[in-house]
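Read in the numbering used here, the sequence shown has 50 at position 50, and its numbers run on one by one without any break.
All C-beta atoms in this analysis are idealised placements derived from N, C-alpha and C, irrespective of residue type, glycine included.
For clarity, every value in this text was computed on a predicted model and none was experimentally measured.
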Amino acid sequence: MTSELSNTSLSSGNSGQTDGSCLCGAVKFSISGPPLMKLLCHCVSCKKISGSLFQANNFYSISQLTISPLTDPNAIKTYVDKSPESGKGVHRTFCAVCGSRLWNTTPEHLGNVVVMVGSLNLNDEEWKKWTPEREFFCKRKGEWLGDGGAPEEGKTSEM
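1) What's the C-alpha gap between C46 and F137?
2) Which residue's Cα is closest to the Cα of D163: A26, L145, G16?
3) Could you tell me the alpha carbon to alpha carbon distance between D81 and G16, rounded to whole angstroms?
4) Would you report the Cα separation of S119 and S21, rounded to the nearest angstrom?
5) Kindly confirm or deny that the region 30-50 and the region 126-140 touch, where touching means at least three C-beta pairs closer than 8 Å.
6) Let me know the secondary structure DSSP gives W56 once reduced to three states.
7) Quick check on W130: does DSSP put it in helix, strand or coil?
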């Protein structure tokens, strides 16, 4: 999977580029263009892997992701998570140096990548304005979140 991502490239002169990295800076990447979707996931697997009560994600086409050529390929590791409630495996990529979560892929959706929003280098205004468009596994959503999050019509509370 890493070699597939390493070979993707950005169109030159793209003004919609967002950079990202792990906490220690050993893994650097860029995203071209806007996400296809922004969402929160409240499933148990995302809670466990993120160490939080939900995981904030941006969905992109795999062609939008470029790993910096300065990134040592040995700094990128992938854990194949077979626990998701969806019944499908998730390839969870992280930094081998600091452990930061970076992105997910699934064999069912090879053309897409789910980037952890916290790995993006956003400015204060961009952090404040990030808003999910959908939520998954809302039956496990913390009550303290109230009606915050995705608009009601975008929720999938049946999950």
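Reading off the structure:
1) Here residue 46 refers to the residue found at position 46 of the sequence shown. Here residue 137 refers to the residue found at position 137 of the sequence shown. Between C46 and F137, the C-alpha separation is close to 10 Å.
2) Residue 163 cannot be examined here, being either before or after the span of the chain that is shown, 1 to 159.
3) On the sequence shown, residue 81 is found 81 positions in, with the first residue counted as 1. On the sequence shown, residue 16 is found 16 positions in, with the first residue counted as 1. Roughly 32 Å between the two C-alpha positions.
4) As a first step, residue 119 must be located in the sequence shown, where it is residue number 119. As a first step, residue 21 must be located in the sequence shown, where it is residue number 21. Going by the C-alpha atoms only, they are around 6 Å apart.
5) In this structure the region 30-50 lies against the region 126-140, because at least three pairs of beta carbons, one per stretch, are closer than 8 Å.
6) Taking the first residue of the sequence shown as position 1, residue 56 is located at position 56. Checking the sequence shown, residue 56 turns out to be Ala, not Trp. Of the three classes helix, strand and coil, the one that applies to A56 here is strand, per DSSP.
7) Position 130 of the sequence shown, counted from the first residue, corresponds to residue 130. Here W130 sits in coil by DSSP.
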